[in-house]
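Notes for the one structure printed next.
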């Protein structure tokens, strides 16, 4: 694939106390013929994240139309799994017009740095606000997923919901810092809330350099094949790069990372890292929204596919 980078779209100016910095994990949906709504997570001065949105022009996704004035969902109550941050990772439109937001709840640890488990919130007003379906995670810890069941990407197909997520228990020291180790797993659900037990492996880390994957993003090609966009964390780089895989069924993936074609640019906001690819097609044009250095410190960007 070949992409034309169109540049940064939006980053907060620091004037709002809940959105001082960052616009992390861009999560676009086509709101209507004229609008792409990009859900993102903004950070306050303590680096605690809350979701908001940036509406952009469907014909020109670098043109910002509107920014959410308030958080769409606040952090959880003290002691809950999301009391130190809510990271929106995917949004699914339901048949009745409501939206499900799947998010990673950020909880600080004592003997480990943090834990990430998955929650779901629902919007009854077209994505202007959300409320929790429940206070506890929909993906909680299992015997082999003790610290991470986060980074969820959900989509609806017929009478089932499908979910790909980051999973793991382990930490390892890299350059004197404890870093998480996680793979991608897969689950199905009838209602999008109850997912059963542990998922099955969807994508494993390979070699000695990889140690984790960021939020996956799944879409389909015109011939029905599935595309998986994900972020790869490597020890040697100490930052994310983008990966790509294809599948006939959305379950068994063939890695084709070299085909991604979207990488860092020296001297730019994405000079050291590039991550959280989210790909959508609107009005016959395909766009990839993504973050750069320091998990989207400067905001989120967009690129247009020029050749597959």
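Residue numbers (full-length UniProt numbering): 1 to 308. Idealized CB from N, CA, C, for every residue including glycine. Predicted model, so just to flag it, every value in this text is computed and none were measured.
- Rounded to whole angstroms, residue 5 and residue 269 show a C-alpha spacing of 12 Å.
- Secondary structure of residue 100 (DSSP, three-state): strand.
- Taking a 10 Å sphere around the C-beta of residue 291, we find 16 or more other C-beta atoms and assign the residue as buried.
- About 4 Å separates the Cβ atoms of residue 273 and residue 239, confirming a contact at the 8 Å cut-off.
- The residue among 175, 36, 187, 234 with its C-alpha nearest the C-alpha of residue 207 is 234.
- Taking a 10 Å sphere around the C-beta of residue 132, we find 16 or more other C-beta atoms and assign the residue as buried.
- Per DSSP, reduced to three states, the secondary structure at residue 295 is helical.
- Segment contact: the stretch 148-160 against the stretch 84-96, three or more CB-CB distances shorter than 8 Å; contact assigned.
- Excluding the 5 residues flanking it on each side, residue 250 has same chain C-beta neighbours closer than 6 Å at 226, in chain order.
- In the structure shown, the three-state DSSP call for residue 259 is helix.
- In this chain, the beta strand (DSSP E) harbouring residue 246 covers 240-247.
- Listed as beta-bridge partners of residue 4 by DSSP are 304.
- Here residue 46 is exposed, its C-beta having fewer than 16 other C-beta atoms within 10 Å.
- Across the set 110, 243, 103, the C-alpha of 103 shows the shortest separation from the C-alpha of residue 25.
- Residues of the same chain with a CB within less than 6 Å of the CB of residue 182, apart from the 5 flanking positions on each side, are 148, 166, 167, 168, 212 in chain order.
- Runs of the beta strand (DSSP E) lying entirely within the stretch 53-102, each at least 3 residues long, are 64-67, 86-93 in chain order.
- DSSP, reduced to helix, strand and coil, places residue 271 outside both helices and strands of the structure shown, so it counts as coil.
- By the Cβ criterion, the stretch 73-85 is in contact with the stretch 110-124, since at least three pairs of Cβ atoms, one from each stretch, lie closer than 8 Å.
- By the Cβ neighbour-count rule, residue 145 is buried, with 16 or more other Cβ atoms within 10 Å of its own.
- In this structure, the CA atom of residue 178 is about 15 Å from the CA atom of residue 237.
- Between the alpha carbons of residue 76 and residue 162 lies a distance of about 25 Å.
- Look at residue 188 here: in three-state DSSP terms it is strand.
- Beta-bridge analysis with DSSP links residue 131 to 122.
- Cβ contact annotation for residue 187 (same chain, cutoff 6 Å, sequence separation greater than five): 163, 195, 199, in chain order.
- Nearest C-alpha to residue 305 among 298, 297, 296, 278: 278.
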